[in-house]
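A.B. asks: Take a look at the following structure, please.
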Amino acid sequence: MERLVERLAAASIGVTFNQYAGSELLRERLHAYLEERAAAPVVLVGEAAGYRGARVSGIPFTSERQLTGTGPAEASSTVVHRVLAELGVEEAVLLWNVVPTHPGTAASNRRPTRAEVASARPFLREIARGREVVAVGRLAAEELGVPYVRHPSHGGAREFAEGLRSYFATIPPRRGLRAAFL
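In terms of numbering that gives the first Met the number 0, the sequence shown opens at residue 0 and continues consecutively.
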């Protein structure tokens with residue numbers, strides 16, 4: 000995982016902001032998170048790092064406030080962590096984004112371009128390899144070729160929660176995931 004974080008920190012993904020390039024703290028956080036979740040059987044994949052989420056915290060779908068109790072909160076990350084905790088699967092899920100760097104400004108998000116998605120594809124493939132994949136939103140579904148759960152932003156929290164509940168209720172036992180969630 001250390002090598003992946005190093006490659007990500009050195010990557011140029013279109014005109015996205017690479018929060019890992021200039022921050023040893025964010026690289027360390029991401030490395031520790033990936034090591035902690037190395038055996039996670041499921042990866043939840045969103046669109047891109049948010050300006051109040053991974054751009055600041057270094058961890059996908061996670062705000063600085065969730066990590067330290069201070070700093071900006073991020074609505075989607077709050078919903079994601081709450082639902083995973085309610086389902087009892089938070090430790091068995093790795094969170095990631097199609098584009099792990101931030102498209103947008105320090106105060107806004109934008110949809111990543113096709114070129115940015117293509118540039119980030121090697122990181123996504125490496126993270127997803129050997130795991131069940133759940134796409135969060137349409138862009139992730141298009142890139143991954145899998146069905147998706149509604150993104151929790153813009154009024155989608157209830158549908159997101161319902162989608163994850165349905166997903167985790169129907170995981171095929173052959174993959175050995177049920178034991179991870181019991």
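We treat Cβ as the ideally placed atom computed from N, Cα and C, and that holds for glycine. A quick note: this is a predicted structure, and the numbers were derived from the prediction, not measured.
Can you tell me the Cβ-Cβ gap for V42 and L93, rounded? I've got them flagged as a contact below 8 Å.
C.D. replies: Along the sequence shown, one-based indexing puts residue 42 at 43. Along the sequence shown, one-based indexing puts residue 93 at 94. The pair is a contact, with the Cβ atoms about 5 Å apart (cut-off 8 Å).
A.B. asks: In three-state terms, what does DSSP make of H101?
C.D. replies: Taking the first residue of the sequence shown as 1, we reach residue 101 at position 102. It is a strand residue.
A.B. asks: Thinking M0 and E34 are a contact (beta carbons under 8 Å), I'd like their distance in whole angstroms, please.
C.D. replies: Indexing the sequence shown from 1 puts residue 0 at position 1. Indexing the sequence shown from 1 puts residue 34 at position 35. Between E34 and M0 the Cβ distance is about 5 Å, and since that is below 8 Å, they are a contact.
A.B. asks: Express the C-alpha separation of V44 and F167 in angstroms, rounding to a whole number.
C.D. replies: Within the sequence shown, the letter at position 168 stands for residue 167. Within the sequence shown, the letter at position 45 stands for residue 44. Going from the Cα of F167 to the Cα of V44 covers about 15 Å.
A.B. asks: Are the Cβ atoms of A114 and G49 separated by less than 7 Å?
C.D. replies: Position 115 of the sequence shown, counted from the start, is the residue given in the question as residue 114. Position 50 of the sequence shown, counted from the start, is the residue given in the question as residue 49. Contact: no.
A.B. asks: A47 bridges to which residues according to DSSP?
C.D. replies: Start at 1 with the first residue of the sequence shown, and residue 47 comes out as number 48. For A47, which the question treats as bridged, DSSP gives the partners V98.
A.B. asks: Locate the alpha helix (DSSP H) running through V88, then write down its first and last residues.
C.D. replies: One-based indexing of the sequence shown puts residue 88 at position 89. Careful: V88 lies outside any alpha helix (DSSP H) and carries neither H nor E.
A.B. asks: Within the present structure, is the beta-carbon of G45 separated from the nearest heavy atom of the ligand MG by less than 6 Å?
C.D. replies: In the structure on display, the ligand MG does not appear, and there are no ligands present to speak of.
A.B. asks: Extract the residue ranges of the beta strand (DSSP E) inside the segment 10 to 63, only unbroken runs of 3 or more that lie entirely within it.
C.D. replies: If we require 3 residues or more, the beta strand (DSSP E) runs fully inside the segment 10 to 63 come out as 41 to 47.
A.B. asks: Compute the Euclidean distance between the alpha carbons of T61 and V116, then round it to the nearest angstrom.
C.D. replies: What you label residue 61 is simply residue 62 of the sequence shown in a count that begins at 1. What you label residue 116 is simply residue 117 of the sequence shown in a count that begins at 1. Looking at the two C-alpha atoms, the distance is approximately 21 Å.
A.B. asks: According to the neighbour-count rule (16 or more other Cβ atoms, all chains shown, within 10 Å of its Cβ), is E46 buried or exposed?
C.D. replies: Start at 1 with the first residue of the sequence shown, and residue 46 comes out as number 47. With 16 or more Cβ atoms within 10 Å of its Cβ, E46 is classed as buried.
A.B. asks: If we ignore side chains and look at the alpha-carbon of each, how far apart do P59 and T169 end up?
C.D. replies: Within the sequence shown, residue 59 is the residue found at index 60, counting from 1. Within the sequence shown, residue 169 is the residue found at index 170, counting from 1. Rounded to whole angstroms, P59 to T169 spans 25 Å at the Cα level.
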